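Asker: 83 is the number of the first residue of the sequence shown in the numbering used here; add one for each residue after it.
Got a structure for you, questions after.
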Amino acid sequence: MMINDKNSQKIVDIIQNYARKHSLWILAYGTGCGAIEIPPTMTSRYDAERLGVRGAATPRQADVLLITGYLTTKTLKRVIRVYEQMQDPKYVIGFGSCTINGGMYWDSYNTIKALDRYLPVDVFINGCMPRPEAVLAGFAKLQELIQAGKADGARKYKENLEWYRANQKKVIPNWRMPEYNW
Ligand code: SF4
């Protein structure tokens, strides 16, 4: 049987995606109250590590940025900086209703309403607050997208950086941030 370049690239992609989806090092940015569900998700009862999910110490080592709830505009600035320091391939999970539509802070003067206007979210986990079962389901969804080659938020961020920057600068006063260093 002949294996041409296209087929061999496909095989490499399948193997790479398989490895990636079973090695998800997370940077859990505990911005909101939902962060309280992370310890039970990681410890023995739910044991997320059996899916290859474990904590990372720094943005450079992390694959997944987990935003666990509401974000003030002040915190958003730090979260953007953290995301931009992460290496490719990288993914974002928005955790809790606050990241989807503002949740119970929907009319607050200093929190953002929709995380995906500022960062490329690959998976949202709804609920207030989402239980560990929902968190595990969110990781399973991310794994499915990675295997299918569809977890491409980082690519969209690069392609639409101007749009993201305009949204970010609209809510963050005193921008003064380093340029995104690809
Ligand atoms: S979704 Fe609920 S639990 Fe999560 S940060 Fe918002 S208010 Fe807190």
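Beta carbons are placed, not taken as given, at the ideal position from N, Cα and C, and that holds for glycine.
No experiment lies behind these values; they were computed from the predicted model shown.
Which partner residues does Gly265 have in the DSSP bridge list?
Answerer: Nothing about residue 265 can be reported from this structure: the residues present for the chain run from 83 to 264 only.
Asker: Counting Cβ pairs closer than 8 Å, one from the segment 151-158 and one from the segment 220-232, do we hit at least three?
Answerer: Touching, no, given that fewer than three Cβ pairs across the two stretches are closer than 8 Å.
Asker: Can you list, in chain order, the stretches of the beta strand (DSSP E) that have 3 or more residues and sit fully within the segment 181-250?
Answerer: 205-207, all fully within the segment 181-250.
Asker: Go through the residues and name those whose CB comes closer than 6 Å to any heavy atom of the ligand SF4, in chain order.
Answerer: Those satisfying the condition are, in chain order, Gly114, Cys115, Gly116, Gly151, Tyr152, Gly178, Ser179, Cys180, Gly185, Met186, Cys210, Met211.
Asker: Can at least three beta-carbon pairs, one atom from the segment 159-178 and one from the segment 204-219, be found at a separation below 8 Å?
Answerer: Segments in contact, yes.
Asker: Is it true that the CB of Leu106 sits closer than 9 Å to the CB of Tyr187?
Answerer: If you number the sequence shown from 1, residue 187 lands on position 105. If you number the sequence shown from 1, residue 106 lands on position 24. No, Cβ-Cβ distance for Tyr187 and Leu106 is not below 9 Å.
Asker: For Leu106, which beta-bridge partners are listed by DSSP?
Answerer: The sequence position of residue 106 within the sequence shown is 24, counting from 1. The partner list for Leu106 (beta bridge, DSSP) reads Val135.
Asker: Roughly how many whole angstroms lie between the Cα atoms of Ile182 and Ala196?
Answerer: Locating residue 182 in the sequence shown gives position 100, where the first residue counts as 1. Locating residue 196 in the sequence shown gives position 114, where the first residue counts as 1. Distance between the alpha carbons of Ile182 and Ala196: 5 Å.
Asker: Relative to the C-alpha of Tyr165, which residue among Glu131, Leu243, Asn86 is closest?
Answerer: The residue given as residue 165 occupies position 83 in the sequence shown. When each option's Cα is compared against that of Tyr165, the closest is Leu243.
Asker: Starting from Ile120, trace the alpha helix (DSSP H) in both directions and tell me its first and last residue.
Answerer: Residue mapping note: residue 120 aligns to position 38 of the sequence shown, counting from 1. 120-124 is the extent of the alpha helix (DSSP H) around Ile120.
Asker: Where do the ends of the alpha helix (DSSP H) carrying Tyr128 lie?
Answerer: Position 46 of the sequence shown holds residue 128. From DSSP, Tyr128 is part of no alpha helix (DSSP H); its letter is neither H nor E.
Asker: Looking at C-alpha atoms only, which residue of Ala230, Gly116, Tyr262, Thr193 is the closest neighbour of Val94?
Answerer: Counted from its first residue, the sequence shown places residue 94 at position 12. Considering only alpha carbons, the answer is Ala230.
Asker: Determine contact between the segment 137-151 and the segment 108-126, defined as no fewer than three beta-carbon pairs at a distance below 8 Å.
Answerer: Counting Cβ pairs under 8 Å, three or more are found: they touch.
Asker: Here's the rule: buried if 16 or more other CB atoms are within 10 angstroms of the residue's CB, otherwise exposed. What is Pro255?
Answerer: One-based indexing of the sequence shown puts residue 255 at position 173. Exposed is the call here.
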